[in-house]
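Novice: Can you keep this structure in mind? I'll have questions shortly.
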Amino acid sequence: MTTIVLAAGLSERMGKNKLLLPFRDEAIITTTVKNALSFSDRVIVVVGNEEDRIKEALSGLNTDFVFNKNYKEGQRTSTLEGIKAVENDDFSILPGDLPLLKKEDAVNLFSKLEENSIARCSFGGVPGHPVAYKKENRERLLAYPGSMKEYLKEMGFISLPSSLGSIFDIDTPEKYQALLESDGDLSILERCCDISFS
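This note's numbering numbers the first residue of the sequence shown as 4 and each following residue consecutively.
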């Protein structure tokens, strides 16, 4: 399994690069990528915004980097750049701001590809990540004219109930504050009813 970690965005809702914010003495992107390495044979990190700082945060980790020159045009462009770099392998897509994703969620998700072409984590009915694809989806996705969401709707997928870590992205100051105050304890975060997960 190859995991594509998306780390090229502008973090507009946060107001600063969310992936470089500290969590447990390292950057959020570092935690996310270390997690990805625990359940993936290969990790591709798509960079764009603040490329050098992201690479520095990941120095020493066994990752491949792909630069998306069109990163300002949105996440889909980064996703496609990552998919282009996948070789003959099943692959999954993971945003760089999911530091609390559990290894078992990803491993369970990948096992679903034995019977399904696409599988996706979810929590409480909210679609999450990773989204895992059998390798035959690579060429289809690269040729597909619509969005990733439209592709999933058209092709269909199995949704696997997973932990809160599969949807708890750190995309607002409020979520980052909750992450710090809880020290990443999912049981505490689940009780934070004032945080929107959608």
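Don't be surprised by glycine CBs; every beta carbon is placed ideally from N, CA and C.
Just so we're clear, the structure is a prediction, and the values are computed from it rather than from any experiment.
Tell me whether residue 95 sits in a helix, a strand or coil according to DSSP, three-state version.
Specialist: Three-state result, residue 95: strand.
Novice: According to the Cβ coordinates, are residue 22 and residue 7 closer than 9 angstroms?
Specialist: Contact flag unset, no.
Novice: Just list the beta strand (DSSP E) runs in the stretch 13 to 94, keeping only unbroken ones of 3 residues or longer that don't cross its boundaries, in chain order.
Specialist: Runs found: 45 to 50, 67 to 70.
Novice: Identify the continuous alpha helix (DSSP H) that holds residue 190 and give its terminal residues.
Specialist: Unbroken alpha helix (DSSP H) run through residue 190: 189 to 192.
Novice: Per DSSP, residue 8 is paired with what?
Specialist: DSSP output for residue 8 lists 48, 97 as bridge partner(s).
Novice: Please report the Cβ distance between residue 9 and residue 179, rounded to the nearest whole angstrom; I am assuming they are in contact, meaning their Cβ atoms lie under 8 angstroms.
Specialist: At roughly 18 angstroms, the Cβ-Cβ gap does not stay under 8 angstroms, so residue 9 and residue 179 are not in contact.
Novice: Just to confirm the assignment: which complete beta strand (DSSP E) runs, minimum length 3, are found wholly within the stretch 112 to 139?
Specialist: You should have 121 to 126, 129 to 136.
Novice: Use the C-beta contact count for residue 201: other C-beta atoms within 10 angstroms, 16 or more gives buried, fewer gives exposed.
Specialist: For residue 201, the predicted model reports a pLDDT of 48, less than 50, meaning its position is unreliable and no value from the coordinates is stated.
Novice: So, do the stretch 124 to 133 and the stretch 85 to 101 have three or more beta carbon pairs nearer to each other than 8 angstroms?
Specialist: Touching, yes, given that three or more Cβ pairs across the two stretches are closer than 8 angstroms.
Novice: So, using beta-carbon positions, are residue 34 and residue 47 closer together than 9 angstroms?
Specialist: Cβ atoms of residue 34 and residue 47: not closer than 9 angstroms.
Novice: Whole-angstrom Cβ separation of residue 40 and residue 115, contact assumed at under 8 angstroms?
Specialist: At roughly 21 angstroms, the Cβ-Cβ gap does not stay under 8 angstroms, so residue 40 and residue 115 are not in contact.
Novice: Taking the C-alpha atoms as reference points, what is the distance between residue 155 and residue 58?
Specialist: Computed Cα separation, rounded: 31 angstroms.
Novice: So, are the CB atoms of residue 51 and residue 101 less than 9 angstroms apart?
Specialist: No, the pair does not count as a contact, with Cβ atoms beyond the cut-off.
Novice: Quick check on residue 150: does DSSP put it in helix, strand or coil?
Specialist: The answer is coil: DSSP assigns residue 150 none of H, G, I, E or B.
Novice: Distance check for residue 123 and residue 157, CA to CA, integer angstroms please.
Specialist: C-alpha separation (whole angstroms): 14 angstroms.
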